[in-house]
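In UniProt numbering, the protein residues as written are 1 to 67. Here the structure is laid out as C-alpha coordinates; the discussion comes afterwards.
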(Lines of atoms letter the chains of each structure in order from A and count residues from 1; the text may use other names and numbers.)
(Lines give C-alpha, C1' and ligand atoms only; values in the text may rest on other atoms or scores of the structure.)
Protein backbone atom coordinates (compact mmCIF):
# COMPACT_ATOMS: atom_id res chain seq x y z
CA UNK A 1 0.00 0.00 0.00
CA UNK A 2 1.14 3.45 -0.91
CA UNK A 3 3.99 2.59 -3.27
CA UNK A 4 3.74 1.95 -6.98
CA UNK A 5 5.24 -0.89 -9.00
CA UNK A 6 5.36 1.34 -12.09
CA UNK A 7 8.91 2.66 -12.71
CA UNK A 8 7.66 6.04 -14.00
CA UNK A 9 5.40 6.70 -11.00
CA UNK A 10 6.34 9.32 -8.37
CA UNK A 11 5.91 6.69 -5.66
CA UNK A 12 7.82 3.86 -7.37
CA UNK A 13 9.07 1.43 -4.72
CA UNK A 14 12.00 0.14 -6.75
CA UNK A 15 12.68 -3.26 -8.26
CA UNK A 16 13.43 -4.82 -4.87
CA UNK A 17 14.92 -4.16 -1.43
CA UNK A 18 17.95 -1.83 -1.61
CA UNK A 19 17.60 -1.55 -5.39
CA UNK A 20 18.73 2.10 -5.45
CA UNK A 21 22.22 3.36 -4.68
CA UNK A 22 20.85 5.63 -1.92
CA UNK A 23 19.28 2.76 0.02
CA UNK A 24 22.31 0.54 -0.57
CA UNK A 25 24.58 3.27 0.81
CA UNK A 26 22.38 3.85 3.87
CA UNK A 27 22.24 0.12 4.57
CA UNK A 28 26.02 -0.21 4.35
CA UNK A 29 26.56 2.84 6.56
CA UNK A 30 24.11 1.64 9.22
CA UNK A 31 25.90 -1.72 9.32
CA UNK A 32 29.21 0.06 10.03
CA UNK A 33 27.72 1.87 13.05
CA UNK A 34 25.41 -0.91 14.25
CA UNK A 35 27.02 -0.96 17.71
CA UNK A 36 26.02 2.72 18.15
CA UNK A 37 22.72 2.56 16.30
CA UNK A 38 19.45 2.85 18.24
CA UNK A 39 16.84 4.09 15.79
CA UNK A 40 16.29 5.30 12.25
CA UNK A 41 13.74 8.00 11.52
CA UNK A 42 12.73 8.89 7.97
CA UNK A 43 10.76 12.06 7.28
CA UNK A 44 8.70 11.80 4.11
CA UNK A 45 8.13 15.34 2.87
CA UNK A 46 6.08 14.18 -0.15
CA UNK A 47 2.93 13.77 1.93
CA UNK A 48 3.99 15.72 5.04
CA UNK A 49 3.79 12.60 7.22
CA UNK A 50 5.91 11.12 9.97
CA UNK A 51 5.63 7.36 9.49
CA UNK A 52 6.45 4.95 12.28
CA UNK A 53 5.73 1.23 12.74
CA UNK A 54 3.83 -0.10 15.71
CA UNK A 55 5.82 -3.34 15.51
CA UNK A 56 4.19 -5.51 18.14
CA UNK A 57 0.84 -3.84 18.80
CA UNK A 58 -1.89 -1.89 17.06
CA UNK A 59 -2.57 0.24 20.16
CA UNK A 60 -1.80 3.95 19.88
CA UNK A 61 1.04 5.27 21.98
CA UNK A 62 0.18 7.59 24.86
CA UNK A 63 1.75 10.52 23.00
CA UNK A 64 0.38 9.57 19.56
CA UNK A 65 -1.30 12.95 18.98
CA UNK A 66 1.93 14.78 19.82
CA UNK A 67 3.88 12.71 17.30
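Glycine included, C-beta positions come from ideal geometry on N, C-alpha and C.
Check: DSSP state of residue 29 mapped onto helix, strand, coil; Outcome: helix
Check: Close Cβ partners of residue 12 (< 8 angstroms) along its chain, the five nearest in sequence each way excluded; Outcome: 3, 4, 5, 6
Check: Alpha-carbon to alpha-carbon, residue 36 and residue 20; Outcome: 25 angstroms
Check: Euclidean distance between Cα positions of residue 27 and residue 62; Outcome: 31 angstroms
Check: Own chain, CB closer than 8 angstroms to residue 40, minus 5 neighbours either side, in chain order; Outcome: 30
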